[in-house]
Amino acid sequence: MLYKSGIIVPTLELERNDEKLVQKLAATLLQQNLDQYSDLAVTNDGHPDSQSWAAIQKREGIRVYKKSTRQQRQHIRAQAATGNSTAKTAKVPPSLLLMGAVKGSLDDLLYATAASSTEAMLTKSKFINDGVVASKVLARIIEPTMADPMHFLNVTWRYCALSEPRDYVCLDVAGWSNTDRGEQVAYHLIHSVGFDVLPSYEHKGIARVNMSVCWIFRQKTATLVECYARGFYDLDTSNAMLNSISMYTIASQWLSCSKLISYAQSMKLARLMNRAKGHVSSGCSESNSGDGRFRNSAHFPSQSIPSSTSSFGDSIVLLSTRREPSRMSTSCCKLCYKTFRFLGASRCVCQACDQDVCSRCTIKETLCLYSKTRQHVRESKKNFCKHCVAGAMRSKADALVRDDFIAAARTHHSW
Numbered sequence: 001m002l003y004k005s006g007i008i009v010p011t012l013e014l015e016r017n018d019e020k021l022v023q024k025l026a027a028t029l030l031q032q033n034l035d036q037y038s039d040l041a042v043t044n045d046g047h048p049d050s051q052s053w054a055a056i057q058k059r060e061g062i063r064v065y066k067k068s069t070r071q072q073r074q075h076i077r078a079q080a081a082t083g084n085s086t087a088k089t090a091k092v093p094p095s096l097l098l099m100g101a102v103k104g105s106l107d108d109l110l111y112a113t114a115a116s117s118t119e120a121m122l123t124k125s126k127f128i129n130d131g132v133v134a135s136k137v138l139a140r141i142i143e144p145t146m147a148d149p150m151h152f153l154n155v156t157w158r159y160c161a162l163s164e165p166r167d168y169v170c171l172d173v174a175g176w177s178n179t180d181r182g183e184q185v186a187y188h189l190i191h192s193v194g195f196d197v198l199p200s201y202e203h204k205g206i207a208r209v210n211m212s213v214c215w216i217f218r219q220k221t222a223t224l225v226e227c228y229a230r231g232f233y234d235l236d237t238s239n240a241m242l243n244s245i246s247m248y249t250i251a252s253q254w255l256s257c258s259k260l261i262s263y264a265q266s267m268k269l270a271r272l273m274n275r276a277k278g279h280v281s282s283g284c285s286e287s288n289s290g291d292g293r294f295r296n297s298a299h300f301p302s303q304s305i306p307s308s309t310s311s312f313g314d315s316i317v318l319l320s321t322r323r324e325p326s327r328m329s330t331s332c333c334k335l336c337y338k339t340f341r342f343l344g345a346s347r348c349v350c351q352a353c354d355q356d357v358c359s360r361c362t363i364k365e366t367l368c369l370y371s372k373t374r375q376h377v378r379e380s381k382k383n384f385c386k387h388c389v390a391g392a393m394r395s396k397a398d399a400l401v402r403d404d405f406i407a408a409a410r411t412h413h414s415w
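Numbering-wise, the UniProt record's numbering puts 97 at position 97 of the sequence shown, and it's gapless, one number per residue.
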């Protein structure tokens, strides 16, 4: 895949032993982060210790905190006391913490978070604006299945333009887990890993740096999901001003999690829209063949699906290449039955059910769509009737993804 910076990121072929090491590392890191999450001391109103964490960004009930420099100095002194001779000069990467809540369901949050393909990563970043300019799945180690459709483990590459261009090679794992108190949580863990065979792009001014971030979500009430993230970025620069600017930029990008529920809604509507157009709906992932086609790697690793199809388990929408048959328009709205132009109501067509509705019964939603060439993602506003929007909101994310597996299986057997 060629990016604007002119670099081509190769895929990664892992030996079985390497895959096992990555799986073991992911399991260890996840448990460490779950323990940190459970052990974090918070006040009665849900804030961390103000002597340890200072709030630096907030949006819609979500706050991002930075670990205080005093706590970092104490950490260095503690390391020095253990006999670590390099601790006095060691650089401790600044840590960030996110806490808050968003309206919605835990299923929908994981549905939006679990981007298991290159296209899904790009689509998600475009919609929520998380600061990732380019990304790619380099290797798939654990793929989504019918039994666990939102669990995966990949090795991924991300390019971010902060105060200076930087990229990351990380293990990327998402799914369901439980805390030591038995609470069900959804998680998304991203942690830097190194592979000698992967090139760096320092000659193009892109620094390869390290990061480690774990997102944890828990259903707090029937309508609220608790959001938690903790991690660090080793920005590999001695320029304190650039470091500070980058950390504030990253903190602002973390707040994009407030858009995840809206993104889940847009994926559901995109799924309805593509099914209405007769496209195949399946949990497909990008083929490594580079032929511009999709394959369902969870069930049919050798079966290709032409690029006119789409994937909704991974939230992929490809623009239709076939011409739709002509349709007969009606004289009144299918929801309120009022004649068009009555009190200024104009005619719209719902992109999900293909019915005529008035503008008063229409909701315009933003979707992120792939162009036919699949070289970029673009935003497009589409009209949906209130009935279809409400139906999409009520639909269960895990059931939708499983339906897509079944649809893909039927398509495969029909061939």
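Note that the Cβ used here is the ideal one computed from N, Cα and C, for glycine as well.
Neighbourhood of residue i by C-beta distance below 7 Å, restricted to the same chain and skipping five residues each side
| i | result |
| --- | --- |
| Asn288 | Caution is warranted here: a pLDDT of 37 is assigned to Asn288, below 50, making its placement in the model unreliable, and no coordinate value can be reported. |
| Cys350 | Val357, Asn383, Phe384, Cys385, Cys388 |
| Lys67 | Ser52, Trp53, Pro94, Ser95 |
| Thr366 | Ser266, Glu379, Lys381 |
| Asp236 | Ala207, Val209 |
Simplified DSSP state of residue i, which is helix, strand or coil
| i | result |
| --- | --- |
| Arg166 | strand |
| Met273 | helix |
| Ala134 | strand |
| Met211 | strand |
| Arg140 | strand |
| Ser177 | strand |
| Asn17 | helix |
| Arg184 | It should be pointed out that residue 184 corresponds to Gln in this sequence rather than to Arg. Strand, per DSSP. |
| Leu318 | Residue placement at Leu318 cannot be trusted, given a pLDDT of 44 that sits under 50; the coordinates are not used to answer. |
| Lys334 | coil |
| Ile56 | strand |
| Phe384 | strand |
| Gln51 | coil |
| Asp35 | helix |
| Asn243 | helix |
| Phe152 | strand |
| Ile406 | helix |
| Ala229 | strand |
| Ile261 | helix |
| Phe127 | helix |
| Ser95 | strand |
| His191 | strand |
| Cys353 | coil |
Below-8 Å beta-carbon distance, residue i vs any chain C residue
| i | result |
| --- | --- |
| Cys227 | The question asks about chain C, but that chain is absent: this structure has only one protein chain. |
Alpha carbon of residue i to alpha carbon of residue j, nearest angstrom
| i | j | result |
| --- | --- | --- |
| residue 417 | Ser52 | Shown here, the chain extends from 1 to 415; a query on residue 417 therefore has no answer. |
| Thr401 | Trp215 | Per the sequence shown, residue 401 should be read as Val rather than Thr. Spanning the two alpha carbons is a distance of roughly 21 Å. |
| Ile406 | Ala399 | 11 Å |
| Leu255 | Asp130 | 8 Å |
| Ile250 | Cys170 | 17 Å |
| Asp108 | His151 | 14 Å |
| Val137 | Tyr159 | 12 Å |
| Val209 | Leu21 | 21 Å |
| Gln219 | Gly205 | 42 Å |
| Ala207 | Ser252 | 21 Å |
| Ala26 | Ser116 | 15 Å |
| Thr113 | Ala120 | 10 Å |
| Asn154 | Val133 | 19 Å |
| Asp196 | Glu202 | 15 Å |
| Cys332 | Ala392 | 24 Å |
| Gln265 | Ala397 | 10 Å |
| residue 451 | Ala345 | The structure shown does not extend to residue 451, since the chain is modelled only from 1 to 415, so the question has no answer here. |
| Arg378 | Phe217 | 28 Å |
| Gly194 | Asp18 | 11 Å |
| Asp49 | Cys257 | 23 Å |
| residue 473 | Arg394 | Not covered by the structure: residue 473. The range shown for the chain is 1 to 415. |
| Asn44 | Cys227 | 17 Å |
| Arg347 | Ser262 | 26 Å |
| Ala225 | Ser329 | Here the sequence assigns Val to residue 225, which means Ala is not the residue at that position. One C-alpha to the other measures close to 42 Å. |
Same chain, Cβ closer than 8 Å to residue i, neighbours up to 5 away in sequence not counted
| i | result |
| --- | --- |
| Thr86 | Note that Thr86 scores a pLDDT of 45, beneath 50, so its modelled location is shaky and nothing firm can be said. |
| Lys259 | Phe127, Ile128, Asn129 |
| Asp148 | Gly175, Trp176 |
| Leu30 | Val173, Ser177, Tyr187, Leu189, Cys214 |
Spatial neighbours of residue i in its chain, beta-carbon cut-off 6 Å, leaving aside the 5 residues before and after
| i | result |
| --- | --- |
| Met247 | Pro94 |
| residue 425 | One cannot answer for residue 425 here, as it falls past the ends of the chain, which runs 1 to 415. |
| Tyr111 | Ala264, Ala397 |
| Met211 | Tyr168, Ser192, Tyr233 |
| Ala161 | Val133 |
Presumed contact (8 Å Cβ cut-off) between residue i and residue j, rounded CB distance
| i | j | result |
| --- | --- | --- |
| Leu96 | Val64 | 6 Å |
| Ala229 | Leu98 | 4 Å |
| Leu335 | Cys361 | 4 Å |
| Trp157 | Ser135 | 6 Å |
| Leu242 | Glu164 | 7 Å |
The ligand COA heavy atom lying under 7 Å from the CB of residue i
| i | result |
| --- | --- |
| Ser258 | Within the structure as shown, the ligand COA is missing, as the structure has no ligands at all. |
Cβ contact check for the segment 384 to 397 and the segment 260 to 279: 3 or more pairs under 8 Å: Yes, the segment 384 to 397 is in contact with the segment 260 to 279.
Segment contact, 8 Å Cβ cut-off, at least three pairs: the segment 95 to 107 with the segment 118 to 134: With fewer than three CB-CB distances shorter than 8 Å, the segment 95 to 107 does not count as touching the segment 118 to 134.
The segment 30 to 37 touching the segment 165 to 182, judged by at least three CB pairs closer than 8 Å: They touch, by the three-pair rule.
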